[in-house]
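Residue numbers for the sequence shown follow the working numbering, beginning at 4 and rising by one. Even glycine gets a Cβ: it sits at the ideal position worked out from N, Cα and C. Beneath this line is the structure, given in structure tokens, with notes to follow.
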Amino acid sequence: MHWVRGWVGLSGLETILALNGVRYNWKKDGSPDVGLIAQDVEKVLPELVMTDSQTGLKAVKYGNIVAPLIEASKDLYGICTINSSQIKQIQRTIASHTAEIQQHQDQIKELNRKVDLLSEQNQQLRNELDEIKKLLKSK
């Protein structure tokens, strides 16, 4: 901080998401490479681009991209922490609902058992009633 002034925090993830990595081949020898297009970087982080005063060619200062990458990592860590907390809450909710569902299933089984028992008793009473009717008709 001794040699700099006017420092401000960087936005991380938003900045990094605005950049696009590309594959390309060098004109001089056709060798493949990966990187960023300086003109695109300049729109997002102008301080990361050097322009040659004689040729006008632009170059990315790749070493300086570390700072926004660090901030993006922090942003992602924050998102992961929030997501982890939300997942734990959802898991607790699911566990609670699972227990409630089990209770309801047990209640349904008990009610079905009672319905079956009542159906049997009802059938027995009908049978008895039919017998009583037969006896009454025969007299």
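Would you call the CB atoms of residue i and residue j closer than 7 Å?
i	j	result
residue 16	residue 78	yes
residue 104	residue 71	no
residue 54	residue 64	no
residue 44	residue 26	no
residue 21	residue 47	yes
residue 28	residue 51	no
According to DSSP, residue i sits in a beta bridge with which residue or residues?
i	result
residue 35	28
residue 62	53
For residue i, which of helix, strand or coil comes out of DSSP?
i	result
residue 142	coil
residue 19	helix
residue 40	coil
residue 13	coil
residue 132	helix
Every unbroken beta strand (DSSP E) inside the segment 58 to 130 [3 residues or more]: 61 to 63
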